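Q:
Number of protein chains: 2
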Amino acid sequence: MQGLEATYHIESTPDQIGARAEALAIEQSIEMPPSAVRQPEVLREVLAQVVSIQEAEKGYYRVVLRFAGQTTAFETAGLLNVLFGNCALQEDVELVDLNLPSELLSAFAGPRFGIVGLRQLTQVHDRPLTCTALKPQGLSPTQLAELARTFALGGIDIVKDDHGLTNQPYAPFAERVPIIQKAIAEANAQTGGHTLYAPMLTGGPKTLLERLQTAKQAGVQVVLVAPMLLGLPAFAELVQDLKMAVLAHPAFAGHRIAPPLMLGKLFRLLGADATIFPNYGGRFAYSTETCMNLAQAARVPWGHLRPTLPVPAGGMTVERVEEMVGFYGTDSMLLIGGNLLAAGDSLLERTQAFVQKVAASVGKI
Amino acid sequence: MQGLEATYHIESTPDQIGARAEALAIEQSIEMPPSAVRQPEVLREVLAQVVSIQEAEKGYYRVVLRFAGQTTAFETAGLLNVLFGNCALQEDVELVDLNLPSELLSAFAGPRFGIVGLRQLTQVHDRPLTCTALKPQGLSPTQLAELARTFALGGIDIVKDDHGLTNQPYAPFAERVPIIQKAIAEANAQTGGHTLYAPMLTGGPKTLLERLQTAKQAGVQVVLVAPMLLGLPAFAELVQDLKMAVLAHPAFAGHRIAPPLMLGKLFRLLGADATIFPNYGGRFAYSTETCMNLAQAARVPWGHLRPTLPVPAGGMTVERVEEMVGFYGTDSMLLIGGNLLAAGDSLLERTQAFVQKVAASVGKI
Chain A
1 MQGLEATYHI
11 ESTPDQIGAR
21 AEALAIEQSI
31 EMPPSAVRQP
41 EVLREVLAQV
51 VSIQEAEKGY
61 YRVVLRFAGQ
71 TTAFETAGLL
81 NVLFGNCALQ
91 EDVELVDLNL
101 PSELLSAFAG
111 PRFGIVGLRQ
121 LTQVHDRPLT
131 CTALKPQGLS
141 PTQLAELART
151 FALGGIDIVK
161 DDHGLTNQPY
171 APFAERVPII
181 QKAIAEANAQ
191 TGGHTLYAPM
201 LTGGPKTLLE
211 RLQTAKQAGV
221 QVVLVAPMLL
231 GLPAFAELVQ
241 DLKMAVLAHP
251 AFAGHRIAPP
261 LMLGKLFRLL
271 GADATIFPNY
281 GGRFAYSTET
291 CMNLAQAARV
301 PWGHLRPTLP
311 VPAGGMTVER
321 VEEMVGFYGT
331 DSMLLIGGNL
341 LAAGDSLLER
351 TQAFVQKVAA
361 SVGKI
Chain B
1 MQGLEATYHI
11 ESTPDQIGAR
21 AEALAIEQSI
31 EMPPSAVRQP
41 EVLREVLAQV
51 VSIQEAEKGY
61 YRVVLRFAGQ
71 TTAFETAGLL
81 NVLFGNCALQ
91 EDVELVDLNL
101 PSELLSAFAG
111 PRFGIVGLRQ
121 LTQVHDRPLT
131 CTALKPQGLS
141 PTQLAELART
151 FALGGIDIVK
161 DDHGLTNQPY
171 APFAERVPII
181 QKAIAEANAQ
191 TGGHTLYAPM
201 LTGGPKTLLE
211 RLQTAKQAGV
221 QVVLVAPMLL
231 GLPAFAELVQ
241 DLKMAVLAHP
251 AFAGHRIAPP
261 LMLGKLFRLL
271 GADATIFPNY
281 GGRFAYSTET
291 CMNLAQAARV
301 PWGHLRPTLP
311 VPAGGMTVER
321 VEEMVGFYGT
331 DSMLLIGGNL
341 LAAGDSLLER
351 TQAFVQKVAA
361 SVGKI
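Chains A and B supply the protein sequences, listed in that same order. For what it's worth, my numbering labels the leading residue of the first sequence as 1, then goes sequentially. For what it's worth, my numbering labels the leading residue of the second sequence as 1, then goes sequentially.
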């Protein structure tokens, strides 16, 4: 079988990097001294190989390791263990890329809706999608539903929960979700629009199942999930039979795993239909290069995997819409939260301005 | 309600740290400009407060924030979101400690066995426990069972799977677990000992349930789980009705969350009976201070939570047993893997030497 290749960014020195790369190959495969391995076939077939070492910048090296695909057990947890299990605890190592052989790639179905499916759900085919968030924390279901109604009347495509909304006493999931979904349905009936509500779904397996039933009964078609908060194996299993589109949130994704790999490639592999990430120039320190690589990882052709919709967010403003559409192109969704809410009594007008700017920006790309 | 306090280590400058701390308080609570919040009670009750800012070392500050307990929804995912949801993506922030008010602490049951329960299972009451690992990857169930038998004959208390063993084609869970469990039971019958086998349990909820059934049917009493690989909400729910002791593995726990907090305090809060961590002086760069703080976080008195057994591991040797026992004391478990396996044909003798050294070390503490 063709091997699984992973690329690491390692802090080291010219005289030590060779040994450091070998040590990493051992750590992530057999995890014991090769000299103590009594089976020659294990050394031949299971011990990871150092494929290449290149100096990346002063004191840092790009190291490619090749693993036997079968050590991943062709499942999420096994793959993560091989890629970044123990070395997650070693601060000199960052995981920056991976290359899956076809036998391993075929074990993952990827997004079930993807960009095409999200466009069908929202009936938006020729422009970037728009998204906003219900916040702040502390509002009641009725208050959240009123916000949602205004956003829907303003023509937003997807109105999502703040990712912090789980099941707080002031806005329990079972109470909040049907009320918000109903408010949006009423606004849609009024406008002829197709705004969708994406409630935040999280919890252990049992809790998750209960909330999923609530969401289904309410008619929800898209859910917001933070894969790293939920656990990646649970996330991958969740999307299997979900029949709802999945908007991935980056909360708790703070590993030394490069964002284009984690939020772009890995979340796509495990089934995110859309992936939210911090836009450049906002409250987070992502560079334009990181953002573009992330967006591309989400939507470039990759085997049988459907493309994932990139969703830049975090401190964005209506004023930046044209710039964002120019940067990310039509196959994207712009998420603006606080900057809409800051309009106060003019929330509907600011929302409409956002939606119109996105529509108008398309001819200018 | 008394608040939830979290301590962060932030990289900043004297003139910027005040604003940086405020921005973090906003990010982790209301996540929108306070000026845009229309409900005064949200600003009063939900917006996090900066409690203190202290210079820690040049360019770094210790910042304590106080959150409203209800924003956690009294559940794992909500707690993690509040503590480290979005700021996991901000590289200038490390989460270093937390202080739970009693209303929040009482929502978590903690370890179901803890140190006392593990001592009952292993029938070891007056010395540190011993632990080893079945490896390398690539061995068949029969080969793993033979290793396990030798370790049990040598008197090891807990023989665990290598954390990389999930469900590989060369050692499927359903085939491997009963054979290894049986080999250990036979050795116990021969020696009169009480060696336990801890198989690695992982996967999405359905897979987990299937493997759990297999383990239960085989008579397994302890499982090895990597909480961060599984997802912390899934981990917390798993231990609820498990009726098996849980040995936590640190794989994939690579956040900017201080190890004593993550592997000591948080894993204990969520129910780990024992917690494996990289020992100082091994293949990982943990300091003696980090290791001691971690061990203490796992076992100091903390509300109603049972103490968790600290399990130093990673490049340890039989030669270091006395030093380790002196450092960690009796309420610990020493995990030595590769250094035993390196004995080759003398595996039984090296295992016995390890066990005897631990027993002999007690009088010397």
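Heads up, the beta-carbon is just placed ideally off N, CA and C, and yes, glycines get one too. Quick caveat: nothing in here was measured; it's all calculated off a predicted structure.
(1) Considering Val222 (chain B), what are the terminal residues of the beta strand (DSSP E) in which it resides?
(2) Do Pro34 (chain B) and Leu47 (chain B) come within 8 angstroms of each other at the CB atom, strictly closer than that value?
(3) What does His163 (chain A) reach in chain E if we use C-beta pairs closer than 9 angstroms?
(4) What residue from A:Val37, A:Pro178 and A:Leu105 has the CA that sits closest to Gly303 (chain A)'s CA?
(5) Taking Cβ-Cβ distances shorter than 8 angstroms, what residues in chain A pair up with His255 (chain B)?
(6) I want to see whether chain A comes within less than 8 angstroms of Asn99 (chain B), judged by CB atoms only; does it?
(7) Within its chain, find whatever has a CB closer than 6 angstroms to the CB of Phe173 (chain B); leave out the 5 residues flanking it on each side and keep chain order.
(8) Taking the alpha carbon of Thr76 (chain B) as the point to measure from, which residue in B:Ile336, B:Val325, B:Leu269 and B:Leu305 has its own alpha carbon closest?
(9) Within the continuous alpha helix (DSSP H) that includes Phe327 (chain B), where are the two ends?
(10) Taking the beta carbon of Thr202 (chain B) as the centre, do at least 16 other beta carbons fall within 10 Å, making it buried, or is it exposed?
(11) Checking 8 angstroms against the spacing of the C-beta atoms, do Thr195 (chain B) and Val355 (chain B) come in under that value?
(12) Looking at chain A, is there any beta carbon in it that lies within less than 8 angstroms of the beta carbon of Pro205 (chain B)?
(13) Kindly indicate which three-state DSSP category Pro312 (chain A) falls into: helix, strand or coil?
(14) Can you find a C-beta in chain B that's less than 8 angstroms from the C-beta of Asn167 (chain A)?
(15) My assumption, with CB atoms under 8 angstroms, is that Pro259 (chain A) sits in contact with Gly314 (chain A). Please give the rounded CB distance.
(16) Measuring only between beta-carbons, confirm whether Gly110 (chain A) sits less than 8 angstroms from chain B.
(17) Could you tell me whether the region 307-325 of chain B touches the region 336-344 of chain B, where touching means 3 or more Cβ pairs closer than 8 angstroms?
(18) Quick one: is Arg283 (chain B) near chain A, going by C-beta distance under 8 angstroms?
(19) Count Cβ pairs between the region 278-291 of chain A and the region 89-105 of chain B that sit closer than 8 angstroms; are there 3 or more?
(20) Can you round the beta-carbon distance between Ala248 (chain A) and Pro227 (chain A) to whole angstroms, since I take them to be within the 8 angstroms contact cut?
(21) Hey, is Ala342 (chain A)'s beta-carbon within less than 8 angstroms of any beta-carbon in chain B?
(22) Among B:Gly271, B:Val124 and B:Leu232, which one has its Cα closest to the Cα of Val239 (chain B)?
(23) Name, going along the chain, the residues of the region 292-314 of chain B whose beta-carbon falls closer than 7 angstroms to a beta-carbon of chain A.
(24) Counting only beta-carbon separations shorter than 8 angstroms, does Leu196 (chain B) have a partner in chain A?
(25) Give the secondary structure of Met1 (chain B) by DSSP, where H, G and I count as helix, E and B as strand, and everything else as coil.
(26) Give me, in chain order, the residues of the same chain whose beta-carbon lies closer than 6 angstroms to that of Arg119 (chain A); leave out the 5 immediate sequence neighbours on both sides.
(27) Consider the Cβ of Val318 (chain B): report whether some Cβ of chain A lies at a distance smaller than 8 angstroms.
(28) So which residues of chain A does Val42 (chain B) contact, with C-beta pairs closer than 9 angstroms?
(29) Taking a cut of 9 angstroms between CB atoms, which residues from the region 67-80 of chain B lie near chain A?
(30) Output yes or no for whether 8 angstroms exceeds the beta carbon distance between Ala360 (chain B) and Ser332 (chain B).
(31) If we count the other Cβ atoms within 10 Å of its Cβ and call it buried at 16 or more, is Val300 (chain A) buried or exposed?
(32) Quick one: what does DSSP say Thr122 (chain A) is sitting in, helix, strand or coil?
(33) What did DSSP end up calling Gln143 (chain A) once you bin it into helix, strand or coil?
(34) Would Asp273 (chain B) be called buried (16 or more neighbouring beta carbons within 10 Å of its own) or exposed?
(35) Please name the residue or residues paired with Pro260 (chain B) in a DSSP beta bridge.
(36) What do you get for Ala19 (chain A), buried or exposed, if any count of 16 or more other CB atoms within 10 angstroms of its CB means buried?
A: Based on what the coordinates show:
(1) Val222 to Val225
(2) yes
(3) The structure shown contains no chain E; its protein chains are A and B.
(4) A:Leu105
(5) Phe252, Gly254 and His255
(6) no
(7) Asn167 and Arg211
(8) B:Leu269
(9) Val321 to Tyr328
(10) buried
(11) no
(12) yes
(13) strand
(14) yes
(15) No, Pro259 (chain A) and Gly314 (chain A) are not in contact; Cβ-Cβ is about 12 angstroms, not under 8 angstroms.
(16) no
(17) yes
(18) yes
(19) yes
(20) 6 angstroms
(21) yes
(22) B:Gly271
(23) none
(24) no
(25) For Met1 (chain B), the pLDDT reaches just 48, beneath the cut-off of 50, and the residue's location in the model is therefore unreliable, leaving the point undetermined.
(26) His125
(27) no
(28) Pro136, Gln137, Gly138 and Leu139
(29) Ala68, Gln70, Thr71, Thr72, Ala73, Phe74, Glu75, Thr76, Ala77, Gly78 and Leu80
(30) no
(31) exposed
(32) helix
(33) helix
(34) buried
(35) Pro260 (chain B) pairs with nothing; no bridge assigned.
(36) exposed
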